[in-house]
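K.L.:
Taken in order, these protein sequences are the chains called A and B. Read in order, the letters of the first sequence are residues 99 to 382 in this note's numbering. Read in order, the letters of the second sequence are residues 229 to 424 in this note's numbering.
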Amino acid sequence: MTKLGYYPGCSLEGTASDYGISVRRMARALGWELQEIEDWNCCGATAAHQTNHLLALSLPARDLALAEEQGITELLVPCAACFSRLVHANKAMQQDPETAREINDIIEMNYRGTVSVLNLIEALQKYAMPDIAGKVQRNLSGLKVACYYGCLLLRPPKYTEFDDAEQPSSMEDIVRALGAEPLDWPFKTECCGAGLSMSNTGAVVDLTHKILENARHHGARVIAVACPMCHSNLDMRQLDVSRRYGKYNIPILFLSQLVGLALGVSEKELGLKKHFVKATSIIR
Amino acid sequence: MSNKTVSDTASSFTAEIEGRGRLRLADCYQCGKCSAGCPMVDYMDYLPHQIVRMCQMGEDSLREKVLGSRTIWLCVSCETCSTRCPKDFDIAHLMDVLREMSLEAGLQHADASNIIAFHKTFKNGVEKTGRLNEFPLAIGYKLRSMDLFSDVTKFPKMVTARKLRFLPHKIKGRDKVKKIFAKCEARIRAKKRGKK
C-alpha cells in the first residue's frame, strides 16, 4: 500500500471542497493511504509572499516541520498554490543554511529538510502509472480533454523541478492512460489571473476567456485542472466570461475527478455536482 | 571601455533592492522577454522590463515611480518572466521585494487598494485561526474595499454546494501561528529601522 503525507490546504476544505473530496476518494480507489499533517496551518499563499518574505517562508516551514516530526517523508499537496509555497520554503531552507536558521528560529522548530513535496500529477506518475490503465472501469474513449496546467505547478522550474515548464505532457500521459483523448493545445500554461479573482475581476475574466476560447477552438469537451484557483476562475468565472463574450459551456474537472470517474467512482462521491458549469453526465 | 556594472555605481535604492532580494540588477540586459510573455501587461502602467530598468538607474525620482506604480501590484506572480529570462534574473521575486518596500514607504498606487485590502483581510484571518476561511475573507474584503455587490449571484450555489464554511476552523497551534506573524513583522520593521 502506498502511504503518503497529505496537506489539503485551506481551499480544499472550503470553496474547492470538490477537489478535496475527490482527491481522498481517488486515493482510496488507488489504494493510497493519506496521512494528513496534524494541526497544519495555511501556507500564506499570495497574501504572504507579496507583502512579507519572512512570513512567506515561515508559514509553510511550520507545516514542513510538523510533517517531518510526524514521520512523513513524501507529502502530497494537491493545491498548486500551496505546492508552490511549500516547495519554495523547502528549497530555500534546504539550499541555504542561513535561511534555514532564521526560519527555524521564527517558527521555533527544527526543520531538517527531509520532506519531499509532490503535486497531484507527480504522485500519480509515481504511484499510479502506468498500471492505472488496467484499473479503468469506465470507458472514456473519445472524451476530448484539454489538460490545463496554469502557472504554479510548473513555474519557476528551479523550485518545482516538475515536467517541462513550456511544453508539459505529464497530465496528458495520465489522461491517455485513462482511455480519454488529450488534446494538443497551446494555452495550457497560460495564466488565469489566479488570486486577483476578487480584487481585479475584469482582468481575470479577460485572461480566463482567452484560455476557454483556445480550448474550445481545439475541440475540448472538458478541461482538466489540478489547482483550485484555476478551477474557480475557469468554472465559476465562466459565467462572467459568458456574460461578456458569449456563451461558453465547458465543464472543468479536477484531475482527481477524472481519475475517479475512470476508476468507476460515482459522480456524487467525486463532488461533480458542486460545479457552476454542469459537469455531470460527461460519461455516457 | 569601463568594466563598471550598474551595481558598482549603485544608488541607495538600487543597493537596497539588491540587498533585500539577493538580486543583481545588472544581470538584466533589457531584452524585454519578460514583458513579451507577461499576461498582465495590458493593465500595467510600466512594462516589467521598464520597472527593472528604473531599478537599475535607481534615482530618487524613479524610486517613487517604481514603488508607486500600478505594475508591481498587478503582477499576479505567474512566474512566466522568471522562467523565461535568458539571464536567470528573478523578476517575479523583484516584484515581491518592491511590493514589500512600497507598503513600508506608504507609496502604494491608489488602484492597488483593493488588492492590498484583499491581502490584509486574508492575513488577518490566518493570523487569528491558523487557516484561511474563505467566507469571512469574502465578507471582510467586501467591507474593506466597499465592493459589496459583485458576485452575490454566486452565493446561493456556493451555499448549496457546501463550498462555504460559516464557522472558521481553529487550529490548536494558533498561538504559534500568531507568534510567527508577530516575529516576521517585528523583523521586517527592525530591518527597516536598521537601514535608516
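Here a beta-carbon is modelled for each residue, glycine too, at the ideal position from N, C-alpha and C.
Which residues mark the beginning and the end of the beta strand (DSSP E) in which E134 (chain A) is found?
P.N.:
The sequence position of residue 134 (chain A) within the first sequence is 36, counting from 1. That run of the beta strand (DSSP E) goes 130-134.
K.L.:
Specify the secondary structure class of P255 (chain A) as computed by DSSP and reduced to three states.
P.N.:
Within the first sequence, the letter at position 157 stands for residue 255 (chain A). In this structure, P255 (chain A) counts as helix in the three-state DSSP scheme.
K.L.:
Please identify the residue among A:A244, A:S330, A:G369 whose C-alpha is closest to the C-alpha of V121 (chain A).
P.N.:
Residue numbering aside, residue 121 (chain A) sits at position 23 when the first sequence is read from its first letter. Comparing Cα positions, the closest option is A:G369.
K.L.:
Is the beta carbon of Q148 (chain A) less than 7 Å from the beta carbon of R327 (chain B)?
P.N.:
Residue numbering aside, residue 148 (chain A) sits at position 50 when the first sequence is read from its first letter. Residue numbering aside, residue 327 (chain B) sits at position 99 when the second sequence is read from its first letter. Cβ distance < 7 Å, so Q148 (chain A) and R327 (chain B) count as in contact.
K.L.:
By the three-class DSSP mapping on this structure, what secondary structure does T287 (chain A) have?
P.N.:
On the first sequence, residue 287 (chain A) is found 189 positions in, with the first residue counted as 1. Coil.
K.L.:
Restricting to runs no shorter than 4 residues, where is the alpha helix (DSSP H) found entirely within the stretch 350-406 of chain B?
P.N.:
Correct list: 362-373, 383-388.
K.L.:
Go to V294 (chain B), then tell me how far its alpha helix (DSSP H) extends in each direction, as first and last residue.
P.N.:
Sequence index remark: in the second sequence, residue 294 (chain B) carries index 66 (1-based). Unbroken alpha helix (DSSP H) run through V294 (chain B): 288-295.
K.L.:
Check whether chain A comes within 7 Å of K232 (chain B), counting only Cβ atoms and requiring the distance to be less than that.
P.N.:
Along the second sequence, read from residue 1 onward, the residue named residue 232 (chain B) stands at position 4. Any reading at K232 (chain B) must be qualified, since the residue scores a pLDDT of 47, below 50, and its modelled position is unreliable; no value is offered.
K.L.:
According to DSSP, what are the bridge partners of G103 (chain A)?
P.N.:
Taking the first residue of the first sequence as position 1, residue 103 (chain A) is located at position 5. Beta-bridge pairing links G103 (chain A) to A:Q133, A:L173.
K.L.:
Classify P158 (chain A) as helix, strand or coil using the three-state DSSP reduction.
P.N.:
As a position in the first sequence, residue 158 (chain A) is number 60, starting the count at 1. Residue state, collapsed to three classes: helix.
K.L.:
For the beta strand (DSSP E) containing K242 (chain A), list its first residue and its last residue.
P.N.:
Counting from 1 along the first sequence, the entry for residue 242 (chain A) is found at position 144. Its beta strand (DSSP E) spans residues 242-245.
K.L.:
Buried or exposed for Q265 (chain A), going by 16 or more other Cβ atoms inside 10 Å?
P.N.:
Here residue 265 (chain A) corresponds to residue number 167 of the first sequence, with the count starting at 1. Exposed, because fewer than 16 other Cβ atoms sit within 10 Å of the Cβ of Q265 (chain A).
K.L.:
Please state the DSSP three-state secondary structure of F260 (chain A).
P.N.:
Counted from its first residue, the first sequence places residue 260 (chain A) at position 162. The answer is coil: DSSP assigns F260 (chain A) none of H, G, I, E or B.
K.L.:
Using a Cβ-Cβ cut-off of 7 Å, state whether K376 (chain A) counts as contacting chain B.
P.N.:
The residue labelled residue 376 (chain A) in the question sits at position 278 within the first sequence. It does not; no Cβ of chain B falls within 7 Å.
K.L.:
Once DSSP output is grouped into helix, strand and coil, what is the label at P280 (chain A)?
P.N.:
Counting from 1 along the first sequence, the entry for residue 280 (chain A) is found at position 182. DSSP places P280 (chain A) in strand when its eight states are reduced to three.
K.L.:
In angstroms with no decimal places, state the Cα-to-Cα distance between K400 (chain B) and A114 (chain A).
P.N.:
Counting from one through the second sequence, the residue named residue 400 (chain B) turns up at place 172. Counting from one through the first sequence, the residue named residue 114 (chain A) turns up at place 16. The straight-line gap from Cα to Cα measures roughly 23 Å.
K.L.:
If you count every other CB in all the chains shown that lies within 10 Å of the CB of S295 (chain A), and 16 or more means buried, which is it?
P.N.:
Translated into the one-based positions of the first sequence, residue 295 (chain A) becomes position 197. By the 10 Å Cβ count, S295 (chain A) comes out buried.
K.L.:
For S378 (chain B) and D304 (chain A), what's the separation of their Cα atoms in angstroms?
P.N.:
By one-based count along the second sequence, residue 378 (chain B) stands at place 150. By one-based count along the first sequence, residue 304 (chain A) stands at place 206. Approximately 17 Å, taken between the alpha carbons.
K.L.:
How many angstroms separate the CA atom of L322 (chain B) from the CA atom of I381 (chain A)?
P.N.:
Indexing the second sequence from 1 puts residue 322 (chain B) at position 94. Indexing the first sequence from 1 puts residue 381 (chain A) at position 283. Going by the C-alpha atoms only, they are around 46 Å apart.
K.L.:
Taking 7 Å as the CB-CB cut-off, is C289 (chain A) touching chain B?
P.N.:
As a first step, residue 289 (chain A) must be located in the first sequence, where it is residue number 191. Taking Cβ atoms only, chain B reaches closer than 7 Å to C289 (chain A), which makes this a yes.
K.L.:
By the three-class DSSP mapping on this structure, what secondary structure does F241 (chain B) have?
P.N.:
To locate residue 241 (chain B), count along the second sequence from 1; it is residue 13. Here F241 (chain B) sits in helix by DSSP.
K.L.:
Report the residues of the stretch 359-375 of chain B with a CB closer than 9 Å to any CB of chain A, ordered along the chain.
P.N.:
If the cut-off is 9 Å between Cβ atoms, the stretch 359-375 of chain B has R359, L360, N361, E362, F363, L365, A366, Y369, K370, S373, D375 near chain A.
K.L.:
Any beta-carbon of chain B closer than 7 Å to the one on K452 (chain A)?
P.N.:
Only positions 99 to 382 of chain A appear in this structure, which leaves residue 452 (chain A) out of reach.
K.L.:
With a CB to CB cut of under 7 Å and the five nearest residues on each side skipped, what residues in its chain are close to N150 (chain A)?
P.N.:
By one-based count along the first sequence, residue 150 (chain A) stands at place 52. Cβ within range, chain order: n/a, list empty.
K.L.:
Since I205 (chain A) meets chain B, which of its residues come closer than 8 Å, beta carbon to beta carbon?
P.N.:
If you number the first sequence from 1, residue 205 (chain A) lands on position 107. Simply K404, I408.
K.L.:
Output the boundary residues of the alpha helix (DSSP H) element that contains D350 (chain A).
P.N.:
Along the first sequence, read from residue 1 onward, the residue named residue 350 (chain A) stands at position 252. At residue 350 (chain A) the sequence reads Ile, which differs from the Asp that was named. Counting along the chain, I350 (chain A) falls outside any alpha helix (DSSP H), though it belongs to the beta strand (DSSP E) covering 350-352.
K.L.:
Along the beta strand (DSSP E) that carries L216 (chain A), what are the first and last residues, could you check?
P.N.:
By 1-based counting over the first sequence, the position of residue 216 (chain A) is 118. Where L216 (chain A) is concerned, the enclosing beta strand (DSSP E) stretches over 214-216.
K.L.:
Quick check: N217 (chain A) and F181 (chain A), are their CB atoms within less than 7 Å of each other?
P.N.:
Start at 1 with the first residue of the first sequence, and residue 217 (chain A) comes out as number 119. Start at 1 with the first residue of the first sequence, and residue 181 (chain A) comes out as number 83. For N217 (chain A) and F181 (chain A), yes; Cβs fall inside 7 Å.
K.L.:
What residues in the stretch 385-400 of chain B bring their beta carbon closer than 8 Å to a beta carbon of chain A?
P.N.:
Listed by position along the chain: K385, M386, A389, R390, K391, L392, R393, H397, I399, K400.
K.L.:
I381 (chain A) by DSSP, collapsed to three states: which one?
P.N.:
Here residue 381 (chain A) is taken as the residue at index 283 of the first sequence, counted from 1. Looking at I381 (chain A) - three-state DSSP - the assignment turns out to be coil, as it is neither helix nor strand.
K.L.:
Distance, Cα to Cα, T267 (chain B) vs I300 (chain B)?
P.N.:
As a working mapping, residue 267 (chain B) is identified with position 39 in the second sequence. As a working mapping, residue 300 (chain B) is identified with position 72 in the second sequence. Checking the sequence shown, residue 267 (chain B) turns out to be Pro, not Thr. About 13 Å.
K.L.:
So what does DSSP say about N231 (chain B), is it helix, strand or coil?
P.N.:
Your numbering for residue 231 (chain B) matches position 3 in the second sequence. Because N231 (chain B) sits at a pLDDT of 48, beneath the cut-off of 50, its placement in the model cannot be relied upon, and the point is left open.
K.L.:
Pick helix, strand or coil for V320 (chain A), following the three-state DSSP scheme.
P.N.:
Position 222 of the first sequence, counted from the first residue, corresponds to residue 320 (chain A). If DSSP states are grouped into helix, strand and coil, V320 (chain A) belongs with the strands.
K.L.:
When we look at the beta-carbon of K372 (chain A) and count the other beta-carbons within 10 Å, is it buried (16 or more) or exposed?
P.N.:
What you label residue 372 (chain A) is simply residue 274 of the first sequence in a count that begins at 1. K372 (chain A) comes out buried.
K.L.:
Using C-beta distances below 7 Å, list every residue in its chain close to E413 (chain B), excluding the 5 sequence neighbours before and after it, in chain order.
P.N.:
What you label residue 413 (chain B) is simply residue 185 of the second sequence in a count that begins at 1. If we look at E413 (chain B) and ignore the five residues flanking it on each side, it has no Cβ neighbours.
K.L.:
Does S330 (chain B) have its Cβ less than 7 Å from a Cβ in chain A?
P.N.:
As a working note, residue 330 (chain B) is residue 102 in the second sequence. By this cut-off, S330 (chain B) is not an interface position.
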